[in-house]
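Asks: Heads up: the sequence shown is residues 187 to 272, going by the numbering used here. Ideal Cβ positions, reconstructed from N, Cα and C, are used throughout, including at glycine. Please see the structure below; I have some questions.
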Amino acid sequence: MNKQMQIPANFWAELERTVSEKVGDALNTDEVPHELLISYLRDLEVMARTACHSRQTVQIIASGRSLLGDRQVIGPKDCAFSYAHL
Numbered sequence: 187m188n189k190q191m192q193i194p195a196n197f198w199a200e201l202e203r204t205v206s207e208k209v210g211d212a213l214n215t216d217e218v219p220h221e222l223l224i225s226y227l228r229d230l231e232v233m234a235r236t237a238c239h240s241r242q243t244v245q246i247i248a249s250g251r252s253l254l255g256d257r258q259v260i261g262p263k264d265c266a267f268s269y270a271h272l
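What follows is the structure in structure tokens.
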């Protein structure tokens, strides 16, 4: 029996908006340390690369990390959406 959690259909679209808002807020204020948000975005990107079927979602997360100054490559180069961070 597969006990994988079902992700609601609108989860990824909502996540895109949330990431955009958090990155925008971080760039406009110093309230949240960028390192914490970058770490959060790295985790989200790993999840999106394995569970999401939208290149756009991965690109939004990777772009957010880049805007915050993160240059770390996430995942192996031959995984899904491997060039989304470019």
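1) Tell me whether P194 counts as near the ligand NAP, meaning its Cβ is closer than 7 Å to at least one heavy atom of that ligand.
2) Inspect the CB distances between the region 231 to 243 and the region 206 to 217 and report whether three or more fall short of 8 Å.
3) Check whether the Cβ atoms of I224 and L254 sit closer than 8 Å, and answer yes or no.
4) On a CA-only basis, which of S240, A212, Y226 is nearest A195? Give me that one, please.
5) Please classify E207: is it buried, with 16 or more other beta-carbons within 10 angstroms of its beta-carbon, or exposed?
Replies: Let's see:
1) Ligands are entirely absent from the displayed structure, and the ligand NAP is therefore not among its contents.
2) no
3) As a first step, residue 224 must be located in the sequence shown, where it is residue number 38. As a first step, residue 254 must be located in the sequence shown, where it is residue number 68. Closer than 8 Å, so yes.
4) In the sequence shown, residue 195 corresponds to position 9, counting from 1. Checked all of S240, A212, Y226; the closest Cα to A195 is S240.
5) Indexing the sequence shown from 1 puts residue 207 at position 21. With fewer than 16 other Cβ atoms within 10 Å, it is exposed.
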